[in-house]
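In our numbering, the protein residues as written are 5 to 319.
Every residue gets a Cβ at the ideal spot worked out from N, C-alpha and C, and that includes glycine.
Please read the structure below before turning to the comments.
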């Protein structure tokens, strides 16, 4: 009898532990092992896809991994990512500091991306790097308080557009708030704003990742994105999934393919709105999509890491 009770107790304990570490799957250390085994080069660079055949490395991936390390409180891991960013992506002149947004093989693109610089500046513990990136962006990429999406330092030319999913420049939030206020979402946000003409650019097909990010950025500045939120919830309730792309004019899905990064960014937005049940459902779907393949050669790092940033937003 005692043996039976002991075995039953051990079984219940094992089940409790399994459910505790597996609310929807991965522990952070398991995710880190996947990243190190499948995505990371020996020098710390992160491949876009989880295969040695992938030779594309993005400052976006480095910044998202830095954010994840920071949010987990992994200070030694964060320092390693910061060192890699300085060594691989950073270009310093006497007055400026730029980050290559993309490296393919040995080719380093002499262009940055505001959103990547912003994220790295936000999450680095390296105050000198943070200050240099923000000062460079202020000098080369700011138009009436609005951050232009990229700068080519060889051509010494910035783009002429503001991407709504990228958010504001620190200290210039009011300028970006007005862009969201005037955007007239239908229920989707325009993709871009042109400061010189005051016009917005809208694509016929919208990418849901960009829309989820724009919705979260807009509401963080106090501008409601209810039309987009309501469309997203309705799509989920009616279809039991969110599309990767949608047709702007009709709101119908433009693709049947699901995207982990769509669910991840949607979950982060839902958590910010206090919609914990939806956030949890979307995070679990994101994680299921990146775990299901069994191989990572077709899983973009962006999808993988957003499934985990969403989990952190639920804590």
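Secondary structure of residue 106 (DSSP, three-state): strand. Within a 10 Å sphere around the beta-carbon of residue 77 sit fewer than 16 other beta-carbons, which makes this residue exposed.
Within the same chain, 153, 196 come within 6 Å of residue 167 by CB-CB distance, once the 5 residues on both sides are set aside. Beta-carbon to beta-carbon, residue 280 and residue 318 are separated by about 7 Å, close enough to satisfy the 8 Å threshold. For the region 259-301, the full-length alpha helix (DSSP H) segments reaching 4 residues or more read 264-276, 280-295 along the chain.
Per DSSP, the unbroken beta strand (DSSP E) holding residue 94 starts and ends at 94-96.
For residue 204, the enclosing beta strand (DSSP E) covers residues 203-205.
When the Cα atoms are used, residue 100 and residue 123 turn out to be separated by approximately 18 Å.
Spatial neighbours of residue 138 in its own chain (CB-CB distance under 6 Å, excluding positions within 5 residues in sequence) are listed in chain order as 125.
Residue 121 carries a helical assignment under DSSP once its states are collapsed to helix, strand and coil. Inclusion of residue 211 and residue 249 in the CB contact set at 8 Å is warranted, their separation being smaller than that value. Unbroken beta strand (DSSP E) runs of no fewer than 3 residues, entirely contained in the region 28-90, are found at 60-62, following chain order. Here residue 166 is bridged, per DSSP, to 197. Boundaries of the beta strand (DSSP E) around residue 249: 249-251. Here the region 34-52 does not lie against the region 271-288, with fewer than 3 beta-carbon pairs under 8 Å apart.
Put simply, of 201, 151, 194 the residue whose alpha carbon is nearest the alpha carbon of residue 177 is 151. Under DSSP, the beta-bridge partners assigned to residue 209 are 251.
Cβ-Cβ distances below 8 Å link residue 68 to 123, 305, 306, 309, 310, 313 in the same chain, with the five nearest sequence neighbours on each side left out; the list follows chain order. Here residue 65 is not near residue 117, since their CB atoms are 8 Å or more apart. One thing to note: residue 70 has its Cβ within 8 Å of the Cβ of residue 85.
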